[in-house]
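Using the numbering used here, you'd call the opening residue of the sequence shown number 289 and step up by one each time.
Structure first, commentary second.
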Amino acid sequence: MTAVPTTPSRARAFSATPGQIALALAIAAFLLVFLVLPVATVIYVAFTEKGTSTFTLVNFHDFVRSELFMRSLWNSFYVSAMSVAFASVLALPLAYLTTRFAFRGAAIVQTLGFLPLIMPPFVGAVAMQLFFGRNGSINLLLDDWLGVKIDFMEGLNGVIFVQSVHYFPFILVNLSAALRNIDRAMEEAAQNLGSSGFRLFRRIVFPLALPGYLAGASLVFVKVFDDLATPLLLNVKDMLAPQAYLRVTSIGIADPMGYVISVVLIIASVLAMWLSALALRGRDYATTQRGGGGLARRVMRPHEAVLGYGVVILILALVLAPHLALLLLSFATIWSFSPLPDAYTLAHYGRVFGESSLYIKNTLIYAMLAGGIDIVLGVAIAYLVLRTRLVGREWLDWMATAALAVPGVVLGIGYLRTFYGITLPDGTPLAALWITIVLALAIRRLPYALRACHAALQQISVSLEEAAENLGATKARTVRRIVVPLMTGGILAGFVTSFATAAVELSATLMLVQSNSDAPLAYGLYVFMQSAAGRGPGAALGVVAVLLVAACTYLSHLIVERSQKAKGSGHRP
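Pasting the structure below:
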């Protein structure tokens, strides 16, 4: 049987039924209440005079006049830009060496390069202090050997260092994919004309891979710009996200400056994405063949191999250092002013699985519910967009995807302002309920599940649904018996991705947790890491979080691979 490609005209061959219209309205209402309304509330408060409904720009004038806020704005831009620069330094060699040379262990390098993303960045900050802090292992050894210390982790330098190491895989993954898709015959032509080495990379290879690089770089910029916990744990408070959190938690939800800062965070996120798209507009990056044409991967000369492997080992040692430090800390009795712990114990894990098991249980419940909500919405939105002629269906897709541009701290502030005044019959504010945390996690991770479901449905031929309806099946039965089973791989991958990322989400949940009994794992990690005495149990809880996310990531890859193999075998003539 041969796969039938789904064309845009055929994908929209079915007209909308009353049930589909009702479904679209229900989804739109959900997104309006739990995404648009909280964000609109934040924007509204920022532009109104305190205690009134009068439009004003005074709040933004006060923001501009404040030396603290303007310094925080500059620091946030500076840290984000420098994190992109240093992340590029880490990602470019790994991507180029593993895609352009016959590099043994390329798959292992790519896999290890992805590992930083499975650790929450604020946990990595604490772990990296143990190795690179003022009194960390590296500086203690440098002081003994050379009599010098390097301020790796001091102030903004520490935030840049941590964020670069944590988020560089976004550039690595996107740039590697772009490099693989370039027709290498173009490189061969350039080499025949005398171009080689760095000149070849600068003039030919990198410009053609620019879309992939900018996609990763813009994502790094946005993630760093709205990160909340990493600067706080490194005691850096003069950045925008920490300032928004501190204004709301210390002064109260009525203070307008927290909302002004939130609007600035939204503008910065949207601006970064817009500029990355603008940089590519009007340019042609197309090649006649994808990756396979032209040159085979070049075999490195001996001195190139030594240099190449040396660079790769150095970079991997750096990016894997936080994981090693976290593991050592989780077993350490005392680790202070020494390159390695003085002794080891299992007591921290006993405390985690005893006293802190509630954090793990809450995380499993919240992340599973959030993932379930995302999959239901993702399947429904994808079906409405690809399989109906419903007017305005694209708006559902755009609205759900817009959550990517909303920083977690902004969504948390919006939920507090919007839902704290709504109380249950017993007087409990809606914002204080644990279900609000679930809804925030679902909104934050919905774009990931939606894209997975959208891609899965695109690969299913409309003719299969037409055949079912011609045999008398209703649309609902067709979706339930034909469409959803064929989307299983994409659905499971989307669920696992949403689950894994929701399990370590902190920015939104830090604003919404009202009691320790409702706290998820990421919140418990943050609380533990606040004090030196709690960092051992915190590290043990961090190891649990890393293993949880790693297992989910592996499961997601396994599901996708099996789904692709099943489709490939099913499409053989």
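Even glycine gets a Cβ: it sits at the ideal position worked out from N, Cα and C.
Range covered by the alpha helix (DSSP H) that runs through residue i
i                 : result
tyrosine 533      : 528-534
arginine 353      : 346-353
phenylalanine 816 : 809-817
leucine 418       : 409-420
leucine 729       : 722-746
phenylalanine 783 : 776-790
phenylalanine 318 : 306-319
threonine 766     : 763-766
lysine 649        : 645-675
glutamine 802     : Segment: none, glutamine 802 is in no alpha helix (DSSP H) and carries neither H nor E.
aspartate 685     : 681-689
isoleucine 396    : 394-402
leucine 752       : 750-758
arginine 769      : Note, arginine 769: premise wrong, no alpha helix (DSSP H); not H, not E.
tyrosine 637      : 635-642
Local Cβ density within 10 Å of residue i, reported as buried at 16 or more and exposed below that
i                 : result
phenylalanine 641 : exposed
methionine 358    : exposed
aspartate 714     : exposed
proline 861       : Residue placement at proline 861 is poorly supported in this model, since its pLDDT is 41, which falls under 50; the coordinates are not used for a value here.
glycine 540       : exposed
tryptophan 562    : exposed
leucine 583       : Since pLDDT at leucine 583 reaches only 49, below the 50 mark, its modelled position is unreliable, and no value is offered.
phenylalanine 341 : According to the sequence displayed, residue 341 carries serine and not phenylalanine. Exposed, since its Cβ has fewer than 16 Cβ neighbours within 10 Å.
arginine 388      : buried
threonine 290     : With a pLDDT of only 43 at threonine 290, under the threshold of 50, the placement of this residue in the model should not be trusted; the figure read from the coordinates follows. Exposed, by the Cβ-count rule.
arginine 353      : exposed
arginine 765      : exposed
glycine 307       : exposed
phenylalanine 625 : exposed
histidine 349     : exposed
valine 436        : exposed
serine 538        : exposed
lysine 763        : buried
proline 773       : exposed
proline 495       : exposed
Residue i versus the options, residue with shortest Cα-Cα distance
i                 : options                        : result
tryptophan 683    : Leu657, Thr305, Pro306, Leu320 : Leu320
phenylalanine 449 : Glu592, Val697, Phe318, Ala609 : Ala609
proline 825       : Tyr637, Arg677, Gly680         : Tyr637
alanine 413       : Ser506, Thr518, Leu380, Pro499 : Thr518
alanine 394       : Tyr597, Val772, Val784, Arg491 : Tyr597
glycine 782       : Ala719, Ala658, Ile723         : Ala658
serine 751        : Ile770, Val461, Val664         : Ile770
arginine 589      : Leu385, Val792, Thr766, Leu516 : Leu385
leucine 528       : Pro629, Asp431, Phe365         : Phe365
alanine 668       : Cys741, Phe456, Pro495         : Cys741
isoleucine 396    : Gln746, Ile601, Trp433         : Ile601
leucine 460       : Arg535, Val524, Ala373, Ala542 : Ala373
valine 607        : Ser368, Leu798, Pro457         : Pro457
aspartate 515     : Ala688, Pro530, Val436, Thr789 : Pro530
valine 697        : Glu793, His454, Val664         : Glu793
valine 524        : Ala693, Leu356, Thr776, Ala328 : Leu356
isoleucine 438    : Gln451, Tyr455, Ser452, Phe419 : Phe419
proline 808       : Thr785, Arg823, Val832         : Val832
tryptophan 722    : Leu798, His591, Leu467, Ile555 : Leu798
lysine 870        : Ile555, Val536, Asn804         : Absent from the structure is residue 870, since the part of the chain shown begins at 289 and ends at 861.
glutamine 451     : Leu718, Tyr814, Ser786, Ala505 : Ala505
Which of helix, strand or coil DSSP assigns to residue i
i                 : result
tyrosine 455      : helix
threonine 336     : strand
threonine 711     : strand
alanine 301       : With a pLDDT of 45 at alanine 301, under the threshold of 50, the modelled position of that residue is not reliable, and the figure given next carries that caveat. Alanine 301: coil per DSSP, three-state reduction.
phenylalanine 513 : helix
alanine 620       : strand
phenylalanine 440 : coil
phenylalanine 389 : strand
proline 627       : coil
threonine 576     : The predicted position of threonine 576 is uncertain, since its pLDDT is 47 and thus under 50; no value can be drawn from it.
glycine 717       : The question names glycine, yet the displayed sequence has proline at residue 717. DSSP places proline 717 in strand when its eight states are reduced to three.
tyrosine 842      : helix
threonine 294     : With a pLDDT of only 44 at threonine 294, under 50, the local geometry of the prediction cannot be trusted, and the value read off the model is given with reservation. Residue state, collapsed to three classes: coil.
Below-8 Å beta-carbon distance, residue i vs any chain B residue
i              : result
methionine 370 : Note that chain B does not occur in the displayed structure, where there is just one protein chain.
(message) Between the segment 491-510 and the segment 659-679, can you find at least three pairs of beta-carbon atoms closer than 8 Å?
(response) No, they do not touch.
(request) Give a yes or no on contact between the segment 778-797 and the segment 730-738, applying the rule of three or more CB pairs nearer than 8 Å. (result) Flag = yes, the segment 778-797 and the segment 730-738 touch.
(request) Please confirm if the segment 327-344 is in contact with the segment 546-556, defined as three or more CB-CB distances below 8 Å between the two stretches. (result) In short, these stretches touch, since the Cβ pair count reaches three.
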